[in-house]
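Enquirer: The C-terminal position of the sequence shown is numbered 417 in numbering that gives the first Met the number 0, with every residue numbered one higher than the one before it.
Note that beta-carbon positions come from the ideal geometry of N, C-alpha and C, so glycine has one too.
It should be emphasised that the depicted structure is a prediction, and the values quoted were computed from it without experimental measurement.
Here it is, the structure in full.
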Amino acid sequence: MDKYVINGGNKLYGRVKIQSAKNSVLPILAATVLTDESVKILNVPQISDVKNMVKILNCLGCVAQYENHDIVINSANATSYEIPSALAHELRSSVFLLGSVISRFKRAKIAYPGGCDIGLRPVDLHLSGLKRLGVNIVENNGYILCDAERLIGNEIMLDCPSVGATENIMLAAVKAEGTTVIKNAAREPEIEDLQNFLNLLGAKICGAGSGTILIEGVKKLSGGEYLPIADRIEAGTFLIATAMCGGEICVEGALAENISSLIHKLRENGCKLHVKNDKITISSKKPLVSVKSIETQPYPGFPTDLQAQMTALCCICNGNSIVTENLFETRFKYVPELRKMGADVTVIDRNAFVRGVPRFKGATVIAQDLRGGAALVLAGLAAQGRTEVLDISHIDRGYESFEYKIRSLGGDIIRNKM
Ligand code: EPZ
């Protein structure tokens, strides 16, 4: 296992280009099972979640591989409808494959993707949506077994705007007979990205980004080449890093409107942000003003994937903040690690009560999950002294060349073997 060794205190200056969004690329890769023609996905980050999805596609009989930072896939010879358990366990979001595998084979088998580092992660909405399309589902022995004579369009109302359930139902409905309407659908930009990708291949979908998505079933999809949207969470992570360390950086490629809730909060903290097309410039100098509260919500509310990074920022602001995590049950696992660095944070249920301190102190901390791990790196960059972040394989799931990008901005960070 690798670790990061960080000497904190440097301000950050320069420009950083943002990779294609992990949470777009994953469902888009799942969607490639729906067509027999070649597909090329551009500017794909080389991160372990994507590498695992590529492995799963190859286990299904698709031919998928990276070509530098692009991925080429041809699913013409896909033969298996069983998603390999070990890989499904590694990659919870492989559950998105259910919809496209059922559409192609009228059968699917996946190990129950249990809870993980941030919460229970149930899939009941995925399964109830698929049942509405005519899928028979049996859950036993830790497996979900699906089969369907035919997939028939229907109206589906989601109890909560689940990103994964919305995407799974979209994928199952693309080639169903008739029309499907998804109500109370998730509105994240990655959903609109999936719609745009599928329509490029000949699907007939509209409404993504609003709460209601309409999918008119088609018989066949073609191939094509697609550039997913930039990763708004990676962009937000670098903006928060600069707010914490001070300095001025330009983040290139991400659309400000996709993280407007974060930009609003950083301005409340006293940072200066300027937006021009797909370039967001942030400048920050101490002391930062605390924001009274951060509440994670489905899009367009404050993104849960930036909650940990924002809590780390709140820890070194002047004043107190309350951070409420409304989407996942255990997304504060990084807090005890921040306390080792001198943070004054108390977690009660879904709330983190933060009292600002002047600075973090360097310490040895352990990453527990992807975004919590990123938050520890940001704390180390802003800290006084040396920080070691252990078990950074969690961070490698979602950030490519994280240490190179940080070093290019002036951060003092290296990757070492533990
Ligand atoms: C997606 O996860 C993202 N992952 C997550 O990003 C992100 O945090 C999450 O959406 C919310 O934005 C990918 O896109 C690969 P949900 P997903 O279904 O689809 C409840 C990261 O760090 N729910 O929108 O699993 C669930 O318990 C990752 O990049 C049900 O109750 O999230 C949660 O409370 C982490 N039943 C809420 O919905 C279901 O069947 C939101 O979950 C499904 C979900």
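Per DSSP, which one or two residues make a beta bridge with K156?
Expert: Walking along the sequence shown from the start, residue 156 turns up at place 157. Strictly speaking, residue 156 in this sequence is Met, with Lys absent from that position. Partner(s): K182.
Enquirer: So, with DSSP's three-state summary, where would you put I72?
Expert: Position 73 of the sequence shown, counting from 1, holds the residue named residue 72. The answer is strand: DSSP assigns I72 an E or B state.
Enquirer: Kindly list the residues whose CB is nearer than 7 Å to the CB of G341, restricted to its own chain and excluding five residues on each side of it in sequence; keep chain order.
Expert: On the sequence shown, position 342 is the one that residue 341 refers to. The residues are V356, F359 and K360.
Enquirer: DSSP state of C316, grouped into three classes?
Expert: The sequence position of residue 316 within the sequence shown is 317, counting from 1. Coil, per DSSP.
Enquirer: For E81, which residues from the same chain have a beta carbon less than 6 Å from its beta carbon, with the 5 sequence-adjacent residues on both sides left out?
Expert: Reading the sequence shown from its first residue, position 82 is the one you call residue 81. Around E81: K108.
Enquirer: Thinking C-alpha only, which one of P26, L59 and V288 is nearest V49?
Expert: The residue labelled residue 49 in the question sits at position 50 within the sequence shown. Among P26, L59 and V288, the Cα nearest to that of V49 is on P26.
Enquirer: Suppose contacts are defined by Cβ-Cβ distances below 7 Å. Is T329 in contact with G7 by that definition?
Expert: Here residue 329 corresponds to residue number 330 of the sequence shown, with the count starting at 1. Here residue 7 corresponds to residue number 8 of the sequence shown, with the count starting at 1. In this structure, G7 does not lie closer than 7 Å to T329 by Cβ.
Enquirer: Which word fits T179, buried or exposed, when buried means at least 16 other C-beta atoms lie within 10 angstroms of its C-beta?
Expert: For the purposes of this step, residue 179 is taken as residue 180 along the sequence shown, with counting starting at 1. Buried, because 16 or more other Cβ atoms sit within 10 Å of the Cβ of T179.
Enquirer: Per DSSP, what kind of secondary structure is K339 in: helix, strand or coil?
Expert: As a working note, residue 339 is residue 340 in the sequence shown. Helix.
Enquirer: Tell me whether C159 counts as near the ligand EPZ, meaning its Cβ is closer than 6 Å to at least one heavy atom of that ligand.
Expert: Along the sequence shown, read from residue 1 onward, the residue named residue 159 stands at position 160. For the ligand EPZ, at least one heavy atom lies less than 6 Å from the Cβ of C159.
Enquirer: Rounding to the nearest angstrom, what Cα-Cα distance links A87 and S221 in this structure?
Expert: On the sequence shown, residue 87 is found 88 positions in, with the first residue counted as 1. On the sequence shown, residue 221 is found 222 positions in, with the first residue counted as 1. C-alpha separation (whole angstroms): 27 Å.
Enquirer: Alpha carbon to alpha carbon, how far is S79 from P297? Give it in angstroms, no decimals.
Expert: Here residue 297 refers to the residue found at position 298 when the sequence shown is read from its first residue. Here residue 79 refers to the residue found at position 80 when the sequence shown is read from its first residue. Roughly 34 Å between the two C-alpha positions.
Enquirer: How big is the Cα-Cα spacing for A172 and R149?
Expert: Counted from its first residue, the sequence shown places residue 172 at position 173. Counted from its first residue, the sequence shown places residue 149 at position 150. Straight-line Cα distance between these residues: approximately 11 Å.
Enquirer: Spatial neighbours of S74 within its chain, please: CB distance less than 7 Å, with the 5 preceding and 5 following residues excluded, ordered by chain position.
Expert: As a first step, residue 74 must be located in the sequence shown, where it is residue number 75. Once the five neighbours on either side are set aside, the close Cβ partners of S74 are T31, V32, T34, D35 and C61.
Enquirer: Consider the C-beta atom of V162 and the heavy atoms of the ligand EPZ; say whether any pair is separated by less than 6 Å.
Expert: Residue mapping note: residue 162 aligns to position 163 of the sequence shown, counting from 1. Correct: V162 has its Cβ closer than 6 Å to the ligand EPZ.
Enquirer: Considering only heavy atoms of the ligand EPZ, does any lie closer than 6 Å to the CB of L170?
Expert: Within the sequence shown, residue 170 is the residue found at index 171, counting from 1. No - the ligand EPZ has no heavy atom lying nearer than 6 Å to the Cβ of L170.
Enquirer: Is T241 helix, strand or coil by DSSP?
Expert: The residue labelled residue 241 in the question sits at position 242 within the sequence shown. In this structure, T241 counts as helix in the three-state DSSP scheme.
Enquirer: Would you list the residues sitting across from Q64 in a DSSP beta bridge?
Expert: Your numbering for residue 64 matches position 65 in the sequence shown. Q64 is bridged to V71.
Enquirer: Is N22 a contact residue of the ligand EPZ, with contact defined as CB to any heavy atom under 6 Å?
Expert: As a working mapping, residue 22 is identified with position 23 in the sequence shown. Indeed, a heavy atom of the ligand EPZ lies less than 6 Å from the Cβ.
Enquirer: S259: beta carbon under 6 Å from a heavy atom of the ligand ADP?
Expert: In terms of ligand content, the structure shown lacks the ligand ADP and carries the ligand EPZ instead.
Enquirer: Would you mind listing the alpha helix (DSSP H) stretches within the stretch 31–59 that are 4+ residues and don't spill past its ends, in chain order?
Expert: DSSP runs (the alpha helix (DSSP H)) wholly in the stretch 31–59: 47–58.
Enquirer: Along the chain, where does the beta strand (DSSP E) that runs through Y142 open and close?
Expert: To locate residue 142, count along the sequence shown from 1; it is residue 143. First-last of the beta strand (DSSP E) with Y142: Y142 to D146.
Enquirer: In this structure, how does DSSP classify L193 when only helix, strand and coil are distinguished?
Expert: Walking along the sequence shown from the start, residue 193 turns up at place 194. Of the three classes helix, strand and coil, the one that applies to L193 here is helix, per DSSP.
Enquirer: Quick check: is any heavy atom of the ligand EPZ less than 6 Å from the C-beta of L326?
Expert: On the sequence shown, residue 326 is found 327 positions in, with the first residue counted as 1. Yes, Cβ of L326 sits closer than 6 Å to a heavy atom of the ligand EPZ.
Enquirer: Sort N22, G379, D146 and E154 by Cα distance to M52 and report the nearest one.
Expert: As a first step, residue 52 must be located in the sequence shown, where it is residue number 53. With distances taken between Cα atoms, M52 lies closest to N22.
Enquirer: Pull up the distance between the alpha-carbon of L337 and that of E154, whole angstroms please.
Expert: Translated into positions along the sequence shown, residue 337 becomes position 338. Translated into positions along the sequence shown, residue 154 becomes position 155. Looking at the two C-alpha atoms, the distance is approximately 45 Å.
Enquirer: Any heavy atom of the ligand EPZ closer than 6 Å to the CB of L238?
Expert: What you label residue 238 is simply residue 239 of the sequence shown in a count that begins at 1. No, Cβ of L238 sits at least 6 Å from all heavy atoms of the ligand EPZ.
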